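Undergrad:
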Amino acid sequence: MAAAVVPTTTWYLILAAALFAIGMTGVLVRRNPLIMFMCIELMLNAVNLTFVALATELTDINGQTAVFFVLVVAAAEVVVGLGIIVSIMRRRQQATADDLAALKG
Amino acid sequence: MSSPLLAAVSWTVPTVDYHGLAPEIVVALGLCVVMLVDLFLAERSKWLLASLSGFTLLGAFIPVLTLALDDGGARAMFDGRYVIDDFSLILKGLFLLAGYVVVLLSTTYIEEGEYYQGEYWVLMLSSILGMMMMTSSRDLISVFVALEFLSIPAYMLAAWRKRDAKSNEAGVKYFLLGVFASAVMLYGMSLLYGVTNSTLLSDIGASISGELTAVRIIAIVFVIVGFAFKVSAVPFHTWAPDTYEGAPTPVTAFLSVASKAAGFVALVTVLYVAVPEGSDVWQPLVWVLAVLTMTVGNVLALRQTNIVRMLAYSSISQGGFILMPLAVAAEGGAGGAALRSVVTYLIVYAATNLGMFAVILTVSRKTRSGEISSFGGLFGYAPALGVVMTFFLGSLAGIPPLGGWIGKFSAFQAVLEAGTGWAYAIAVIGAVNSVVAFGYYGNVMREIWMRPVPDANTMPIRTPAQLVLALAITTISTLALGVLPGVALHFGDLAIFAGAFAG
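Chains as they are written, first to last, in this note's numbering: chain A, 6 to 110; chain B, -18 to 484.
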């Protein structure tokens, strides 16, 4: 019988870094504002995971406090962001970030 | 492994210094009052909301003054996470006055638009409240919360004309890039927290020294890149011209002055308090950002035909000049001079740029156009506006004895004080850029003074009282700061971080 594998903090940090990288790639590659926004949320949650993992490792409360603030702010951002994106979608169905090109130069 | 929650059982109630927090409390109460009063006002008496917002900002200025006159030294709350020192008071004063001028600029614009008015003032006041909190924040969490507090209402303000495709586009671009920048910055912050075991900036400053490991370098770079978006430094500037052009013009004035200044405040706080020992990483980074920002901003401004868009690029390039002394801030004794020049530049730039937008708003009430050519012959039919606009353009270009000159002077002085090869290199690049900048400022001056009126419509411009007041405040400040440079430099001298920074 193999010994149970205990995940260490490093695992969580690597997972968080991977999530952050996926989110960042998504923002840079995808062109639908909604998907881009979802990728940003992924990045924010990668940050949360990093904070929690480090707080546990350092046995310090501040990292966990930070997560609460990030969660609340992310929720506020969702409300505002969806509002702005909906107001665009209402005018133009299927709008992508590339269609938003009235302003340039 | 014991739970971190158990480690925090001994909790004591923090003491709150209500005098220190009074400016924030006044603005917070004011914005609640505006929100409530809005519900009970008839459509034709909505103008009351503008006055109420203006009085709130002026009212909050009183505790700032009493705090400044109080000789008790810096006030620290919550274990030094929220500090009221000279630096924060000067910038709080700046944000309140800039906010007041923006209220004056917005009043007629908002009343004549067909959109909700109450929300506009509430969002504006919350954004200013966030900026005031930013000046006092000395902790990663409060810096983050203050930054979002000032940005989230600004996203909505940019998209305020919700049935206008351009305003929508401005909002969505600003929002997506702003939130993306916050996420990058937060990841840097989480790594900073990991390597230093603290979120308090001064603790982080004490922990980061000596050998810089890869994680520390990544953390510092990510945090600076996050702020670079907020201050629209090249290559993270792409949102700025589109957002400035598409947003309602008073909001553009607000974003290009107050929001940008708040970004610089955050950047300066983190660089000086949290990572002064990491200068091997951030000095080259800020150097490159500063050079790119002033050069690219200038070159792109040269080929603009829309005045707001030209000012967007001009404000990017001015941001490069504010960054310039920070690029050498850790060399020898240049730290104090660099901080002083940033504060001086922000004050002067705020007065000048707000004045510029006041003129644009006034003139576009008649011409209904944003093209630079629409300013043709302005001096002929509106001599006062023509002269005042020339002052502002000259100040932005840095011509003595106008305010902008003293900002540029203190920036170059700080750079030369550092005296290294890199410092001289950036000073030369800055000097060349100052000359190039005269190309597009001078072009607008030529329109005002020498070109014919485009549609031969020389009806005089009727200027509403609020815009007259805004023009008076900004013109007097721009002239006074230039003629009496001691005033601005004096504020810059005071702006030393209490305790955390010596040098």
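Cβ atoms here follow ideal geometry from the backbone N, Cα and C, with glycine treated the same way.
Since the structure is predicted, the reported quantities are computational estimates derived from the model, not experimental observations.
Between the alpha carbons of tyrosine 63 of chain B and valine 368 of chain B, how many angstroms are there, rounded?
TA: Position 82 of the second sequence, counted from the first residue, corresponds to residue 63 of chain B. Position 387 of the second sequence, counted from the first residue, corresponds to residue 368 of chain B. Approximately 44 Å between the Cα atoms of the pair.
Undergrad: Are alanine 319 of chain B and leucine 307 of chain B close, meaning C-beta to C-beta below 8 Å?
TA: Mapped onto the second sequence, residue 319 of chain B falls at position 338. Mapped onto the second sequence, residue 307 of chain B falls at position 326. In contact: alanine 319 of chain B and leucine 307 of chain B (Cβ atoms closer than 8 Å).
Undergrad: Listing by chain order, which chain B residues have their CB less than 7 Å from the CB of leucine 24 of chain A?
TA: As a position in the first sequence, residue 24 of chain A is number 19, starting the count at 1. Here the premise fails: no neighbours, minimum Cβ distance about 10 Å.
Undergrad: DSSP on isoleucine 297 of chain B, reduced to helix/strand/coil?
TA: The residue labelled residue 297 of chain B in the question sits at position 316 within the second sequence. It is helical.
Undergrad: Let me confirm a value: aspartate 66 of chain B is counted as buried when at least 16 other C-beta atoms fall within 10 Å, else exposed. Which label applies?
TA: Position 85 of the second sequence, counting from 1, holds the residue named residue 66 of chain B. Buried: at least 16 other Cβ atoms inside 10 Å.
Undergrad: Helix or strand or just coil, what does DSSP make of leucine 292 of chain B?
TA: The count along the second sequence starts at 1 and reaches residue 292 of chain B at position 311. Helix at leucine 292 of chain B.
Undergrad: Mind checking the segment 449 to 472 of chain B against chain A and listing, in chain order, the residues whose C-beta falls within less than 8 Å of any C-beta there?
TA: So nothing in the stretch comes that close.
Undergrad: Look at the Cβ atom of leucine 485 of chain B, then the Cβ atom of glycine 411 of chain B, and state whether they are nearer than 8 Å.
TA: Within the shown structure, residues of chain B are numbered from -18 to 484, placing residue 485 of chain B beyond reach of any answer.
Undergrad: So what's threonine -4 of chain B in DSSP terms, helix, strand or just coil?
TA: Taking the first residue of the second sequence as position 1, residue -4 of chain B is located at position 15. Of the three classes helix, strand and coil, the one that applies to threonine -4 of chain B here is coil, per DSSP.
Undergrad: Can you find a C-beta in chain B that's less than 8 Å from the C-beta of valine 10 of chain A?
TA: As a working note, residue 10 of chain A is residue 5 in the first sequence. No, because no Cβ of chain B sits closer than 8 Å to the Cβ of valine 10 of chain A.
Undergrad: Does the Cβ-Cβ distance between threonine 456 of chain B and phenylalanine 338 of chain B come in under 8 Å?
TA: Along the second sequence, read from residue 1 onward, the residue named residue 456 of chain B stands at position 475. Along the second sequence, read from residue 1 onward, the residue named residue 338 of chain B stands at position 357. Not closer than 8 Å, so no.
Undergrad: Compare the C-beta of leucine 63 of chain A with all C-beta atoms of chain B and state if any pair is closer than 8 Å.
TA: Your numbering for residue 63 of chain A matches position 58 in the first sequence. Judged by the 8 Å Cβ criterion, leucine 63 of chain A is in contact with chain B.
Undergrad: Going by Cα to Cα distance, which pick from B/Thr180, B/Gly463, B/Lys147 and B/Gly99 is closest to serine 92 of chain A?
TA: Working through the first sequence from its first residue, we reach residue 92 of chain A at position 87. The residue with the shortest Cα to Cα distance from serine 92 of chain A is B/Lys147.
Undergrad: Looking only at C-alpha atoms, which of A/Ile89, A/Val84 and A/Thr61 sits nearest to threonine 15 of chain A?
TA: For the purposes of this step, residue 15 of chain A is taken as the residue at position 10 of the first sequence. Among A/Ile89, A/Val84 and A/Thr61, the Cα nearest to that of threonine 15 of chain A is on A/Thr61.
Undergrad: In the DSSP assignment, what residue or residues form a beta bridge with isoleucine 65 of chain B?
TA: Here residue 65 of chain B refers to the residue found at position 84 when the second sequence is read from its first residue. Answer is B/Arg56, bridged to isoleucine 65 of chain B.
Undergrad: State the DSSP-derived secondary structure class of serine 118 of chain B, mapped to helix, strand or coil.
TA: For the purposes of this step, residue 118 of chain B is taken as the residue at position 137 of the second sequence. Serine 118 of chain B falls in the strand class under three-state DSSP.
Undergrad: Against chain A, with Cβ distances strictly below 8 Å, would isoleucine 122 of chain B count as a contact?
TA: On the second sequence, position 141 is the one that residue 122 of chain B refers to. True, the Cβ-Cβ gap to chain A drops below 8 Å.
Undergrad: Can you find a C-beta in chain A that's less than 8 Å from the C-beta of asparagine 149 of chain B?
TA: Position 168 of the second sequence, counted from the first residue, corresponds to residue 149 of chain B. Chain A, which has a Cβ nearer than 8 Å to the Cβ of asparagine 149 of chain B, makes this yes.
Undergrad: Is the segment 46 to 57 of chain A close to the segment 120 to 137 of chain B, with three or more CB pairs under 8 Å?
TA: At 8 Å Cβ cutoff, the stretches do not touch.
Undergrad: Along chain A, in chain order, which residues have C-beta atoms closer than 7 Å to that of alanine 164 of chain B?
TA: Taking the first residue of the second sequence as 1, we reach residue 164 of chain B at position 183. Per Cβ cutoff of 7 Å: Ile45, Met48, Leu49 and Val52.
Undergrad: Give the range of the alpha helix (DSSP H) segment to which serine 92 of chain A is assigned.
TA: Looking up residue 92 of chain A in the first sequence gives position 87. Here the alpha helix (DSSP H) through serine 92 of chain A covers 67 to 96.
Undergrad: My assumption, with CB atoms under 8 Å, is that glycine 152 of chain B sits in contact with tyrosine 136 of chain B. Please give the rounded CB distance.
TA: Here residue 152 of chain B is taken as the residue at index 171 of the second sequence, counted from 1. Here residue 136 of chain B is taken as the residue at index 155 of the second sequence, counted from 1. With a Cβ gap of about 6 Å, glycine 152 of chain B and tyrosine 136 of chain B count as contacting.
Undergrad: Who are the Cβ neighbours of valine 309 of chain B in its own chain at under 8 Å, not counting the five residues just before and after it?
TA: Taking the first residue of the second sequence as 1, we reach residue 309 of chain B at position 328. Excluding residues within five positions, the ones whose Cβ falls inside 8 Å are Gln264, Trp268, Ala315, Ala319, Ala395, Val396, Ala399, Thr401, Trp403, Ala404 and Ile407.
Undergrad: Can you check the segment 145 to 200 of chain B for any alpha helix (DSSP H) of at least 4 residues that lies completely inside it and give the ranges in chain order?
TA: DSSP runs (the alpha helix (DSSP H)) wholly in the segment 145 to 200 of chain B: 146 to 177 and 182 to 188.
Undergrad: Quick one, which residues of the segment 90 to 118 of chain B are near chain A if we go by CB-CB under 8 Å, in chain order?
TA: From the segment 90 to 118 of chain B, no residue has a Cβ closer than 8 Å to chain A.
Undergrad: Please decide whether methionine -18 of chain B counts as near chain A, where near means a Cβ-Cβ distance under 8 Å.
TA: Mapped onto the second sequence, residue -18 of chain B falls at position 1. At methionine -18 of chain B, the pLDDT of 47 sits below 50, so the modelled position is not reliable; the number obtained from the coordinates is stated separately. Methionine -18 of chain B counts as touching chain A.
Undergrad: With 8 Å as the threshold, decide whether the Cβ of isoleucine 19 of chain A is near any Cβ in chain B.
TA: Position 14 of the first sequence, counting from 1, holds the residue named residue 19 of chain A. False, the Cβ-Cβ gap to chain B never drops below 8 Å.
Undergrad: Name the DSSP beta bridge partners of asparagine 287 of chain B, please?
TA: Taking the second sequence and counting its residues from 1, the one referred to as residue 287 of chain B is at position 306. Asparagine 287 of chain B pairs with B/Glu352.
Undergrad: If we count the other Cβ atoms within 10 Å of its Cβ and call it buried at 16 or more, is methionine 115 of chain B buried or exposed?
TA: Taking the first residue of the second sequence as position 1, residue 115 of chain B is located at position 134. Counting Cβ neighbours within 10 Å, methionine 115 of chain B comes out buried, since at least 16 surround it.
Undergrad: Are the segment 205 to 221 of chain B and the segment 183 to 191 of chain B in contact at 8 Å, needing three or more beta carbon pairs?
TA: Contact between the segment 205 to 221 of chain B and the segment 183 to 191 of chain B is absent, because fewer than three Cβ pairs lie under 8 Å.
Undergrad: Using a Cβ-Cβ distance cut-off of 8 Å, determine whether asparagine 279 of chain B contacts chain A.
TA: The residue you call residue 279 of chain B lines up with position 298 of the second sequence. No - not a single Cβ of chain A is within 8 Å of the one on asparagine 279 of chain B.
Undergrad: Indicate whether at least one CB of chain B lies closer than 8 Å to the CB of isoleucine 89 of chain A.
TA: Residue 89 of chain A sits at position 84 when you count from the first residue of the first sequence. Interface residue, yes.
Undergrad: So which of B/Leu110, B/Gly300 and B/Asn178 has the shortest CA-CA distance to threonine 64 of chain A?
TA: If you number the first sequence from 1, residue 64 of chain A lands on position 59. Selected option, being the one with the closest Cα: B/Asn178.
Undergrad: So valine 8 of chain B and valine 103 of chain B are in contact, right, with Cβ under 8 Å, and what is the actual spacing, rounded?
TA: Mapped onto the second sequence, residue 8 of chain B falls at position 27. Mapped onto the second sequence, residue 103 of chain B falls at position 122. Not confirmed; about 11 Å, so no contact.
Undergrad: Which value, in whole angstroms, describes the spacing of the CA atoms of serine 118 of chain B and alanine 26 of chain A?
TA: In the second sequence, the residue the question calls residue 118 of chain B occupies position 137. In the first sequence, the residue the question calls residue 26 of chain A occupies position 21. Distance between the alpha carbons of serine 118 of chain B and alanine 26 of chain A: 29 Å.
Undergrad: Mind checking if asparagine 67 of chain A is an interface residue toward chain B, Cβ cutoff 8 Å exclusive?
TA: Counted from its first residue, the first sequence places residue 67 of chain A at position 62. At least one chain B Cβ lies under 8 Å of asparagine 67 of chain A.
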